[in-house]
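These notes concern the structure reproduced below.
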Amino acid sequence: MQITIDGKILEFHKGQTILDIARTNKIEIPTLCYHKMLKPEGRCRVCLVEANSKIVTACDTLAEDNMQVVTTSERIRRLRLEALNLIASTVPKETLRKENELTKTMRLVGFKKPTYKHNIVKDKDKSSAAIWKSMDECIVCGRCVQACSKMQTVNALSYMGRGYSTIVVGSENQPLKDTTCVSCGQCSLFCPTDAITEASDISKVEKALRLKSKIKVVQVAPSVRVSVGEFFGLEPGTIVTGQIVASLKKLGFDAVFDTNLSADLTIVEEAKEFVDRFKKGNLPMFTSCCPAWIDFCCEFYPEFINKLSNTKSPQMMLGALIKTYYAKRLGLKPSDIISVSIMPCTAKKREAKLKNINASNVKDIDYVLTTRELGQWLKSKKINPAKLLPAEFDCPLGESTGGGALFGVTGGVMEAALRTAYFYIKGEEMKDPKIEPIRGTKSLREFEVNIGKNKVKGAVAHTLERAREIIERIKKGESFDFVEVMACPGGCIGGGGQPKPVDWEAIEKRAKAIYSIDENKKIRLCHQNPDLKRVYETFLQKPGSKKAKALLHRKYPKRGKPQQQD
Amino acid sequence: MENKKKALLLNELGKAQKREGRLSKKELAKIAKKVCMPENEVFSTATFYSFLTLEKRAKHSILLCNCPAEYLRSSDKISKYLEKKLKVKLGQTTKDKKIYLGMTSCIGLCDKAPALLVDGKPVVNVTTKKIDELLRSLK
């Protein structure tokens, strides 16, 4: 079939929208509410074009054979300006001065200043430990609601009212913390302005850094090192591990540790638990490193809580080691250390504040910053990591393996865990640590891996829609041994705290970088981590020991999301 | 399928509104289950339509049509007059909790604008005189 856009005759296939065809042929049509990873809703009216002389939205109008499309004319330009005028007049002036998707579209269309007067809605919700919502900047593009309801099937956000008075509220107009919200933060990632953001902790961390009597420690998650460079003009997937360490030192931290090490630790403990359960029963085992997924399981499927692995997430494991093992080594009290973590995730903010999650008598993790917050913070301090000489993570919690690095990508935890489980079951190392069938970008992947005579049937799901699907299938009688769930698309590399605007190509590039980190490591099996061996020898004894259970494992509530402290 | 569900939803919401005079959270949850839709979507729908309410409204309701045709026939004067007479703003209930004054989207009476819906019944070609009569009859 053929379509004519701006005089060019183009081939297309059934089901493509006008915008799809234009974009694949590099014809520019400005958009605002449209996002490639979501279903187009045609709300903002910025992508208007003329199709067979009728004005239509390009994002959700299917192309027809012999359609004549014009994307630039005076009539269209005027309509687009008007649409932007109506949208821009509903947000505060400061929003229009910021760099965001709204101002980017405004520049593209050539829109300067709104001329309408409109009462700006002031509705703020800071009830959640992970996500803040302030409706004055909201342009009701609908992406957050769609990401929450369709991609995550969490349904924590809803619209209230109609027309200009429409606002996005916590489901049924409740504060966000009382809704089914699992803190995944996809709403904040898709937000074209800053109406929904992470609960910011930058100022608190800055204040804590000025305390001279404390040791300030920070950890960096596996997926932050492949994405934070994007704030400084680097390509998605540029690995800036050493540069992050250097810039964190410049910000004033005393020691920078690697969450990849505790990812190794998670695997050592989780693989042990899996092998035990594989022999004794209580399968499938679900991974437990994604706090949004834990919240989701506890909220929607309490009958599956006992199927969750009880190992803590890497963030909390390193937090536990910092406030016990590291404190002991330095001869300090846990309260003498301030422990910060840099995560790709908003749910980690809530995780750090949970009851019964701490190994020490104080908070194991004091503050959590997202990748976005780190980017903002570095920019405000005029530190450009791209221009710094790389530095090394600090001893004694700085060494990591390829397996730990994989935590950042969907399927990674599964792959690393099976490498170690193979060793536990067979007593010998895997010849080729790459397990191909687990990798990929499909949102639900099933596979079988042979370990000696044993067959392990596993599944990997990312986005909570797919998690729901796999649970429903298990409920209907299908059986799996090991299931990995990551709440965000692509795993942590597409996490709710990652750079905006998100796009699938960037996620894929970050995944490639993560896999290359794994391949370039000399040690790729988590249980061979030399730093961890030392931790076990001098402190934890052996995987699954009483001490390891006390410090590195956690209990879940019987039903409902885990509760926060105070 | 999706559209059928949505049609069913509005039907259910309307019935419940008529029965209870409002849509309670419990009622919304019940309806959500019945039509197999998430509660947040049911809530959004309930807040979208001006005939559906979450809170119990006053005994009487006066809904003013807010479409452009009405403005052209100076419905703003009518709304200001109503506000002055009832001593409330649009979207509010009078102090004695008897009358609710609100807006509604097009009620299909643009040819007889300005138009009101008083307790669900249309009043057309409204003038200030007519309003005086109307308010007297409601009290």
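Those protein sequence lines, which keep their order, are chains A and B. In this text, residue positions in the first sequence follow our numbering: the first is 1, and each later residue adds one. In this text, residue positions in the second sequence follow our numbering: the first is 1, and each later residue adds one. C-beta atoms are modelled at their ideal positions from N, C-alpha and C, and glycine is treated no differently.
Contact check for A:Lys348 and A:Ser339: beta-carbon distance about 13 Å, past the 8 Å limit, so the pair fails to qualify. By the Cβ neighbour-count rule, A:Leu378 is buried, with 16 or more other Cβ atoms within 10 Å of its own. Ranked by Cα distance from A:Cys59, the first of A:Glu74, A:Ser73, A:Arg77 and A:Met37 is A:Met37. Contact between the segment 218-230 of chain A and the segment 177-196 of chain A is absent: fewer than 3 CB-CB pairs across the two stretches fall below 8 Å. Each of A:Ile517, A:Met430, A:Val368 and A:Pro433 was checked against the Cα of A:Ala405, and the nearest Cα belongs to A:Ile517. Interface criterion met: the Cβ of A:Asn155 is under 8 Å from a Cβ in chain B. Comparing C-alpha distances from A:Ala255 to each of A:Ile87, A:Val69, A:Ala391 and A:Arg350 shows the shortest one belongs to A:Ala391. Residues of the same chain with a CB within less than 7 Å of the CB of A:Gly42, apart from the 5 flanking positions on each side, are Thr57, Cys59 and Asp60 in chain order. Collapsing the DSSP output to three states places A:Phe482 in a strand.
Only residues of its own chain outside the window of five on either side were considered, and among them Val485, Met486 and Ala487 have a CB closer than 7 Å to the CB of A:Cys290, listed in chain order.
A Cβ-Cβ distance of about 5 Å is found for the pair B:Ala46 and B:Leu52, placing them in contact under the 8 Å criterion. Here A:Ile322 has Val217, Gln219, Phe257, Ile337, Ser339, Asp364 and Leu397 as same chain residues with Cβ atoms under 8 Å from its own Cβ, once five neighbours each way along the sequence are excluded. Residue range Thr259 to Lys280 is occupied by the alpha helix (DSSP H) that includes A:Ala263.
Following the DSSP letters along the chain, one finds A:Cys184 in no beta strand (DSSP E), marked with neither H nor E. Neighbours of A:Arg162 in chain B, taken as residues at a C-beta separation under 7 Å, are given in chain order as Phe48. In the structure shown, B:Pro122 adopts extended strand secondary structure according to DSSP, grouped into three states.
DSSP, reduced to helix, strand and coil, places A:Arg23 within a helical segment of the structure shown. Sequence-distant Cβ neighbours of A:Asp264 in its own chain, meaning closer than 7 Å and more than five residues away, are Ser400, Thr401, Gly403, Gly404, Cys526, Asn529 and Leu532. A:Cys33 and A:Glu270 have their C-alpha atoms roughly 41 Å apart. Here A:Tyr515 is buried. Its C-beta has 16 or more other C-beta atoms within 10 Å. Fewer than three beta-carbon pairs drawn from the segment 297-311 of chain A and the segment 442-457 of chain A are found closer than 8 Å, and the two stretches are therefore not classed as touching.
For A:Trp504, the closest C-alpha among the options A:Pro489, A:Leu79, A:Ser128 and A:Ala147 is that of A:Pro489. Exclusion of the five residues before and after A:Asn173 leaves Met160 as the residues of its chain whose Cβ lies within less than 7 Å of its Cβ.
Going by C-alpha positions, A:Tyr367 is about 37 Å away from A:Cys44. Contact between the segment 94-114 of chain A and the segment 150-165 of chain A is absent, with fewer than three C-beta pairs closer than 8 Å.
Approximately 7 Å separates the beta-carbon atoms of A:Thr266 and A:Ser313; this is inside 8 Å, confirming the contact. By the rule that beta-carbons nearer than 8 Å mark a contact, B:Lys25 touches chain A. In this structure, the alpha-carbon of A:Ser213 lies about 29 Å from that of A:Ala550. At the C-beta level, B:His60 and B:Lys98 come within 8 Å of one another. For a cut-off of 8 Å, the C-beta gap from A:Lys133 to A:Leu176 is around 6 Å, short enough to register as a contact. A direct Cα-Cα distance of roughly 6 Å separates A:Pro30 from A:Thr105.
Per DSSP, A:Lys457 is one residue of the beta strand (DSSP E) stretching across Asn454 to His462. In this structure, the beta-carbon distance from A:Gly458 to A:Phe482 falls below 8 Å.
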